[in-house]
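These notes concern the structure reproduced below.
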Amino acid sequence: MFSGDDEWEDAMNSIFLHRREIFGKELSTVYLAGFLELSTVMTSFTLIPLYVKHAGGGDFAIGVQAAIFTLFSVLFRFLLGSLADSRGRKLSLLIGALVFSTAPIGIWLSPNLVVMALFRVYQAIGMATFLSAATSYVADHTPDELRGTSIGMYRTAVTLSVMIAPALGMTLIQNFGFASFFIASSLCGVAGTLLILTLPEKIGERHHASPDEEKSVSVRELFDLFRIPDLRSTYLGIFALSMASGILLTFLTGYALGFPSIGNPAFYFTIRESLGALGTLALGALSDRVGRDRLLGPVLLSFAAGCATLAFMEVSPRLLYYLSAVISGVGYAGALALLIAKVVDSVPARLRASALAFQESAIDGGNAFGIFIFGSALSLFSFPVLFAAMALFIMTIPFLSVLARGERKGRTAAR
Numbered sequence: 074m075f076s077g078d079d080e081w082e083d084a085m086n087s088i089f090l091h092r093r094e095i096f097g098k099e100l101s102t103v104y105l106a107g108f109l110e111l112s113t114v115m116t117s118f119t120l121i122p123l124y125v126k127h128a129g130g131g132d133f134a135i136g137v138q139a140a141i142f143t144l145f146s147v148l149f150r151f152l153l154g155s156l157a158d159s160r161g162r163k164l165s166l167l168i169g170a171l172v173f174s175t176a177p178i179g180i181w182l183s184p185n186l187v188v189m190a191l192f193r194v195y196q197a198i199g200m201a202t203f204l205s206a207a208t209s210y211v212a213d214h215t216p217d218e219l220r221g222t223s224i225g226m227y228r229t230a231v232t233l234s235v236m237i238a239p240a241l242g243m244t245l246i247q248n249f250g251f252a253s254f255f256i257a258s259s260l261c262g263v264a265g266t267l268l269i270l271t272l273p274e275k276i277g278e279r280h281h282a283s284p285d286e287e288k289s290v291s292v293r294e295l296f297d298l299f300r301i302p303d304l305r306s307t308y309l310g311i312f313a314l315s316m317a318s319g320i321l322l323t324f325l326t327g328y329a330l331g332f333p334s335i336g337n338p339a340f341y342f343t344i345r346e347s348l349g350a351l352g353t354l355a356l357g358a359l360s361d362r363v364g365r366d367r368l369l370g371p372v373l374l375s376f377a378a379g380c381a382t383l384a385f386m387e388v389s390p391r392l393l394y395y396l397s398a399v400i401s402g403v404g405y406a407g408a409l410a411l412l413i414a415k416v417v418d419s420v421p422a423r424l425r426a427s428a429l430a431f432q433e434s435a436i437d438g439g440n441a442f443g444i445f446i447f448g449s450a451l452s453l454f455s456f457p458v459l460f461a462a463m464a465l466f467i468m469t470i471p472f473l474s475v476l477a478r479g480e481r482k483g484r485t486a487a488r
């Protein structure tokens, strides 16, 4: 185990001493643009299900819409995931930002659920291009010894988008209707696009690329990524973690609406992500010092405990609903940040965006699979039973990851 307070203090000192590298102009621009663009995405997970109901759809239609979005995100990453490695980060960032800026208007104006599903397919292009390019850019422009810290900072920006956007979006819907929500979501995307336009034209490695690094990424190289044991196990961990997250994002708000004392159900994510934002940056810095794996078990346990708390909501709905948000906050955000840092640690720089695209596909695939399994199981089991089962599943993630390596676990990379 690491030595508690001393390690935390050293991690915080490292952030302060290297603040210029971590909070430079270009990185700060990407942090802010990521926050704005992902605000449009995170509200689509939590609030578009309400719009589907408003448009006449039921729980099955909600699951279909969410599954279409996530599955096409995975498909498009196989087609576009290497674009940021072969053509530079800025192009991928701009494509994603433009899609995120326009998709909300298309979803809002859709005359029926079929057209809405087509716009969810269009929105998936943004998921395939923006997310991995942004993380790659952050990793490219940070010294190796600060990689976990900078990725933690970017994930904090992502966490803040989940913390703020759904609750604000719900407030807009309740007071002004869905039109105000979709217009505000589109404007967030436009603001992020303008920020990305200020970045330098050439976005890639911190050092000049060698002739080999300038070559296009081949299909064989992409498949060879899955032969890296650490990367394979990390992808499985991300997939499993995302199953639970997708379930909460899709079904929890609707379930909580059945408890009048809760009020604004989206406030759950505000609480959860605010604590996640506080912990993610510190965990990233700490993992640069003590290693990713030594922190992964405790944060997964925290997330599992938060999900288990939801199984007892009927006892005291308001108290346990928000207690779950508090317990699981650092758990989910911290675990995902650590796993993403492990992806970056495991691959050469020229394949970084491609590896991160597969990581995002693991997130989307996990979301879709979790939504499908949970939605199907609701016909047989109650919400409390399924939340308890989900908590037990989260606790098995470290063991699943070890099995995915296909070999005895060696020395864990500390960086």
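When we follow our numbering, the leftmost residue of the sequence shown carries the number 74, and every step to the right adds one.
Note that CB positions come from ideal geometry on N, CA and C, so glycine has one too.
No experiment lies behind these values; they were computed from the predicted model shown.
Check, Outcome
"Rounded to whole angstroms, what's the CA-CA distance from residue 484 to residue 214? Just pull it up for me.", "Below a pLDDT of 50, predicted positions are generally treated as unreliable, and residue 484, at 40, falls in that range; the measurement from the model is reported next regardless. Answer to the nearest angstrom: the Cα atoms are 27 Å apart."
"Rounded to whole angstroms, what is the Cα-Cα separation between residue 249 and residue 303?", "49 Å"
"With C-beta atoms as the reference, is residue 324 less than 8 Å away from residue 142?", "no"
"Determine, using beta carbons only, whether residue 377 and residue 461 come nearer to each other than 8 Å.", "no"
"Can you tell me whether residue 120 is buried or exposed? The criterion is at least 16 other CB atoms within 10 Å of its CB, across all chains shown.", "buried"
"With distances taken Cα to Cα, identify the nearest neighbour of residue 329 among 391, 427 and 369.", "391"
"In angstroms, rounded to a whole number, what distance separates the CA positions of residue 470 and residue 194?", "30 Å"
"Counting only the same chain and skipping the five closest in sequence on each side, list residues whose C-beta sits under 6 Å from that of residue 441.", "140, 143 and 144"
"Alpha carbon to alpha carbon, how far is residue 394 from residue 383?", "6 Å"
"Using the beta-carbon count (16 or more within 10 Å), is residue 252 buried or exposed?", "exposed"
"Within its chain, find whatever has a CB closer than 8 Å to the CB of residue 185; leave out the 5 residues flanking it on each side and keep chain order.", "128"
"Buried or exposed, going by whether 16 or more other CB atoms sit within 10 Å of the CB of residue 271?", "exposed"
"Give me the residue from 109, 162 and 183 with the minimum Cα distance to residue 125.", "183"
"Is the Cβ-Cβ distance between residue 243 and residue 437 less than 8 Å?", "no"
"Give me the residue from 455, 386, 342 and 346 with the minimum Cα distance to residue 332.", "386"
"Does DSSP put residue 454 in a helix, a strand or coil?", "coil"
"For residue 496, report the span of its alpha helix (DSSP H) as first-last.", "The displayed coordinates of the chain run from 74 to 488. Any statement about residue 496 would go beyond what the structure contains."
"Taking the alpha carbon of residue 400 as the reference point, which residue from 352, 427 and 295 has its own alpha carbon closest?", "352"
"For my contact list, residue 115 and residue 235 are in at a C-beta cut-off of 8 Å; report their separation, rounded to the angstrom.", "5 Å"
"Enumerate, from N- to C-terminal direction, the unbroken alpha helix (DSSP H) stretches of 4 or more residues contained entirely within the segment 182–212.", "none"
"Can you give the beta carbon distance from residue 167 to residue 269, rounded, assuming they're within the 8 Å contact cut?", "6 Å"
"First and last residue of the alpha helix (DSSP H) that includes residue 490?", "There is simply no residue 490 to check, as the chain begins at 74 and stops at 488 in what is shown."
"The alpha helix (DSSP H) spanning residue 228 covers which residue range?", "220–249"
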